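Residue numbers (numbering that gives the first Met the number 0): 0 to 332.
A quick write-up on the structure given underneath.
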Amino acid sequence: MSWTMTSSLRAAADPPLEVSAGNVGGQPLLGFDLGVRGVQRAAAGTGLVWLGGDFERECWSLPSVTGYTMTDDGWWAHGVGLMSIAMVRADQREEDPEPLAHALYRDLIERVRSAGFPELLRIWNFMPGINYGDGDRERYRRFCIGRGRALAEAGLDDSAMCAATAIGSDEDRFRLFALAGHRRGLAIENPRQVPAWAYPRRYGPRSPAFARATALPLAGGRFGLLISGTASVIGHATAHPGDVLAQADEAATNVEALIAVASDRLDHPGPRRPGLTSLVRVYVRQPADWQPIEARLRARWPGVRLAGLRGDICRRDLLVEIEAWHELNHGRD
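Have a look at this one:
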């Protein structure tokens, strides 16, 4: 896709969004507190445990944030071109998450539309017991049904959905975070992988609904690339079952493939790997695997900022998942 074709994504007021490790300026539109140490306590915000890395807080900020509203079970706020939402609900791994997922996504869509920010750009789902249950009763598969039902009722096509992450926690809450905007981002798919929304029936009665990444035009001629939770999947199959470092390598290759596709489509010739302008979260099933994975990624991506979190991946044979914020800005690493 050429620059002329992508110019329709841009408008006079592209959001002046900055994503940083800690708050380096502006006002926080969306923040994640990751820095609770140890494996017995949950980190504020995600419900996961921070295992180590370069940053313990991730801040998505604008020069000014208005309309901040807090309720007993979440909050929402907005600024130039963007809106953030957090919703937290009680949840148990023994419960069927389908009704809750349906209600959460129905409320999410209604809220962003009524506020004038109808385009979903990035979603995070942190849920207890994501792998609990057998076959089609597994909680992740049931979550996909509930989410899909809400999307269908709202007239949203799976193939037009935004980047997303779904990770299993050890707490008794479902935490949903979302970023929405006035204008749609550009969905990016990975040529090495079948789109998630086109998975075959073997992965459940309802395919997952998310893009592999979303590109968002930003002030200053930049693009932000919001990379979904990315695992060791080739085509639609898990690669390297049982080998955590091989899975980390494969996930990293998939992240690089997404950056390359986005760079080509948006005519941004910068580095095609995470670097100094990136923030990378690594979700690790077994805490003991974090240090060797960290060393592997640092050798591959010098200068990148990493944060490790203990979390379960949506398939039982996946041991690690990587997500990232990456800027495309004409060659600056």
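Backbone N, C-alpha and C fix where the C-beta goes; we use that ideal spot for every residue, glycine too.
Since the model is a prediction, treat every value here as computed from it, not as a measurement.
- Classified as buried, Leu99 has 16 or more neighbouring CB atoms from the shown chains inside 10 Å of its CB.
- Pro216: member of the beta strand (DSSP E) spanning 212–217, first to last residue.
- Counting the other CB atoms within 10 Å of its CB gives Thr70 a total below 16, which places it among the exposed residues.
- The secondary-structure analysis by DSSP pairs Gly167 across a beta bridge with Met126, Asp311.
- Using a Cβ-Cβ distance cut-off of 8 angstroms, the stretch 206–221 and the stretch 13–24 are in contact, since at least three pairs of beta carbons, one from each stretch, lie closer than that value.
- DSSP lists no bridge partner for Ala251.
- In this structure, the straight-line span from the alpha carbon of Gly310 to that of Thr45 is close to 10 angstroms.
- If you draw a 10 Å sphere on the C-beta of Ser206, you find 16 or more other C-beta atoms in it, and that means buried.
- For the pair Arg172 and Val87, the CB atoms are nearer than the 8 angstroms cut-off.
- Nearest to Gly30 by alpha-carbon distance, out of Val243, Met82, Gly128, Asp263, is Met82.
- For Gly128, the closest alpha carbon among the candidates Ala197, Arg314, Ser227, Asn328 is that of Arg314.
- According to DSSP, Tyr282 shares a beta bridge with Leu308, Glu320.
- Excluding its 5 nearest sequence neighbours in each direction, Ser231 has C-beta neighbours in its own chain below 6 angstroms: Ala238, His239, Gln246, Glu249, Ala250, listed in chain order.
- Phe142: member of the alpha helix (DSSP H) spanning 138–152, first to last residue.
- Annotation for Trp74: the continuous beta strand (DSSP E) segment containing it runs 73–78.
- Going by DSSP, Asp53 is part of no beta strand (DSSP E) at all; its letter is neither H nor E.
- In the DSSP assignment, Ala85 falls within the beta strand (DSSP E) that extends over 81–89.
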